[in-house]
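Q: Dropping the structure in here first, questions after.
In UniProt numbering, the protein residues as written are 1 to 381.
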């Protein structure tokens, strides 16, 4: 994806997701990011591209083609079967059932509804003795957080759970909302599912945030102008450098006596994120090793790389290179969790406004190589 688009790729492990994941996915989708996802099997014996009972495919690349929040307007209701009639006419049970149904209407369904109340896990056990009737709960007024996915096979192999093609959940969606979504039910590999079900089933998400210059005013598929927030949502800077033995290859912070030799780059964060209340700024840092693939025939391979960020104290000149004493007595404010021997290492941080110095390095000193450092910051529109 990096070679194809020139963008920056983030991999998110859904087993330990960030708390604001849906908001991040929604914002990335609106800005034209390319988003993919996959399922890693729980057991190593499961073959790649095995089809699960819910229609999803293991170790198979899905694309996320739309992310949205839709309004629901159907009130909860009780679906009565013949066997429920005697129960409903018993005075003692009548009041209890009314109370339960009223409470059920205010809790979140497992199919993607967001309300102000927390779902109660005790309700199914309370209702368990009433096995002669069936409670069919339609959605209360609220919102559903939905994702549209595409299986590249383009056939009927699709998700079969809640919000799948022709599932009853769609009856709670007003016709105007369905029209906005362009909702169709075809065996074409495209399907909807709730964010909750997505999190339960998928293991990893890949977001390719394209740089502003990936789009041009003439480069659009629908004859429409490219949205301004895609063109102007990110500011990017790019630096090329090298780790040279005995000169700029200082290794990571563990090697404090040589760490200051590494290249240093200073950036300024000054625009807090939109729609946030914490006055923090988003920064994405991507470090890529250059020209390694061409050198593999000569025995060269990727070395472990990473980067560390330090906030400059007030009054410190951004153009001044940080020395060993600074690194010895000042802690970093952000860093990659691991140094990896991969082509590219990317991380996203949320930091307060100010000047920051980024120190890209190899894990050990005297490891050599060329690199490309890219820094993306969100800016106001």
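Cβ atoms here follow ideal geometry from the backbone N, Cα and C, with glycine treated the same way.
1) Starting from the C-beta of residue 26, find all residues in its chain whose C-beta is less than 7 Å away, skip the five residues before and the five after it, and write them out in chain order.
2) Where do the ends of the beta strand (DSSP E) carrying residue 188 lie?
3) If you reduce the DSSP assignment to three classes, tell me which class residue 256 lands in.
4) Could you tell me the alpha carbon to alpha carbon distance between residue 415 and residue 185, rounded to whole angstroms?
5) Helix, strand or coil for residue 334? Go by DSSP, reduced to three states.
6) Give the straight-line distance between the Cα atoms of residue 23 and residue 372, rounded to the nearest whole angstrom.
7) Decide if the segment 364-378 is in contact with the segment 244-252; the criterion is three or more beta carbon pairs, one per stretch, under 8 Å apart.
8) Mark residue 378 as exposed unless 16 or more other C-beta atoms lie within 10 angstroms of its C-beta, in which case mark it buried.
9) What number of angstroms, rounded off, separates the C-alpha of residue 120 from the C-alpha of residue 1?
10) Going by CA-CA distance only, name the one from 313, 321, 28 that's closest to residue 65.
11) Since residue 25 is in the alpha helix (DSSP H), which residue starts that stretch and which ends it?
12) What does the alpha-carbon distance come out to for the pair residue 38 and residue 242?
13) Rounding to the nearest angstrom, what Cα-Cα distance links residue 205 and residue 34 in this structure?
14) Where does residue 374 fall in DSSP's three states?
15) Assuming residue 304 contacts residue 259 under a Cβ cut-off of 8 Å, what Cβ separation, rounded to an integer in Å, is found between them?
16) Between the beta-carbon of residue 309 and the beta-carbon of residue 356, is there less than 7 Å?
17) So for residue 170, helix, strand or coil by DSSP?
18) Is it right to say residue 346 is buried, meaning 16 or more other beta carbons lie within 10 angstroms of its own, or is it exposed?
19) How is residue 175 classed by DSSP in three states: helix, strand or coil?
20) When we look at the beta-carbon of residue 51 and count the other beta-carbons within 10 Å, is it buried (16 or more) or exposed?
21) Count the other CB atoms within 10 Å of the CB of residue 197; is the residue buried (16 or more) or exposed (fewer)?
22) So the candidates are 352, 202, 9, 73; which of them puts its Cα closest to the Cα of residue 278?
23) Please work out which residues of its chain come closer than 8 Å, Cβ to Cβ, to residue 301, disregarding the five sequence neighbours upstream and downstream, and give them in chain order.
24) In the DSSP output, which residue or residues are listed as bridge partners for residue 351?
25) Hey, is residue 352's beta-carbon within less than 7 Å of any beta-carbon in chain B?
26) Between the Cα of residue 320 and those of 334, 337, 265, 32, spot the shortest distance and give me the residue it belongs to.
27) Compare the beta carbon distance of residue 416 and residue 203 with 7 Å and say whether it is the shorter of the two.
28) Give the DSSP-derived three-state secondary structure of residue 339 in the structure shown.
29) List the endpoints of the continuous beta strand (DSSP E) containing residue 386.
30) Looking at the secondary structure, which residues open and close the beta strand (DSSP E) in which residue 4 lies?
31) Apart from the five residues just before and just after residue 363, which ones in its own chain have a Cβ nearer than 6 Å to its Cβ?
32) Put residue 184 into one of helix, strand or coil per three-state DSSP.
33) Given a cut-off of 7 Å, decide if residue 361 and residue 262 are closer than it, judged by their beta-carbon atoms.
34) Go ahead and pull the three-state DSSP assignment for residue 264.
35) Comparing C-alpha positions only, which one of 12, 183, 154, 155 sits nearest to residue 36?
36) What separation, rounded to the nearest whole angstrom, lies between the Cα atoms of residue 182 and residue 200?
A: So, from the data block:
1) Excluding residues within five positions, the ones whose Cβ falls inside 7 Å are 67.
2) Per DSSP, residue 188 belongs to no beta strand (DSSP E) and is neither H nor E.
3) Here residue 256 sits in helix by DSSP.
4) Nothing in the structure corresponds to residue 415, since the chain is present only between 1 and 381.
5) Residue 334 sits in a strand when the DSSP states are folded into three classes.
6) Approximately 29 Å between the Cα atoms of the pair.
7) Judged by Cβ distances under 8 Å, the segment 364-378 makes contact with the segment 244-252, as three or more pairs qualify.
8) Residue 378 should be labelled buried.
9) Note that residue 120 has pLDDT 32, beneath the 50 cutoff, so the model's placement of it is unreliable and the number below is only indicative. Rounded to whole angstroms, residue 120 to residue 1 spans 42 Å at the Cα level.
10) For residue 65, the closest of 313, 321, 28 by C-alpha to C-alpha distance is 28.
11) Its alpha helix (DSSP H) spans residues 21-30.
12) Their backbone Cα atoms lie some 35 Å apart in a straight line.
13) The C-alpha of residue 34 is placed about 11 Å away from the C-alpha of residue 205.
14) In the three-state scheme derived from DSSP, where H, G and I count as helix and E and B as strand, residue 374 is classed as strand.
15) The pair is not a contact, with the Cβ atoms about 15 Å apart (cut-off 8 Å).
16) Yes, the Cβ-Cβ distance between residue 309 and residue 356 is below 7 Å.
17) Look at residue 170 here: in three-state DSSP terms it is helix.
18) Here residue 346 is buried. Its C-beta has 16 or more other C-beta atoms within 10 Å.
19) The three-state secondary structure of residue 175, taken from DSSP, is helix.
20) Exposed is the call here.
21) Result: buried.
22) Nearest C-alpha to residue 278 among 352, 202, 9, 73: 352.
23) For residue 301, where only same-chain residues beyond five positions count, the Cβ hits under 8 Å are 292, 341.
24) As DSSP reads the structure, residue 351 sits in a beta bridge with 281.
25) Here there is only one protein chain, and chain B is not present.
26) It is 265.
27) The displayed coordinates of the chain run from 1 to 381. Any statement about residue 416 would go beyond what the structure contains.
28) In the three-state scheme derived from DSSP, where H, G and I count as helix and E and B as strand, residue 339 is classed as coil.
29) For residue 386 there is no data in the structure shown, the boundaries of the chain being 1 and 381.
30) Annotation for residue 4: no beta strand (DSSP E) segment contains it, though the alpha helix (DSSP H) segment containing it runs 2-5.
31) Cβ within range, chain order: 252, 304, 339.
32) Coil, per DSSP.
33) In this structure, residue 262 places its C-beta atom within 7 Å of the C-beta atom of residue 361.
34) Residue state, collapsed to three classes: coil.
35) Checked all of 12, 183, 154, 155; the closest Cα to residue 36 is 12.
36) Taking the Cα positions, residue 182 is about 26 Å away from residue 200.
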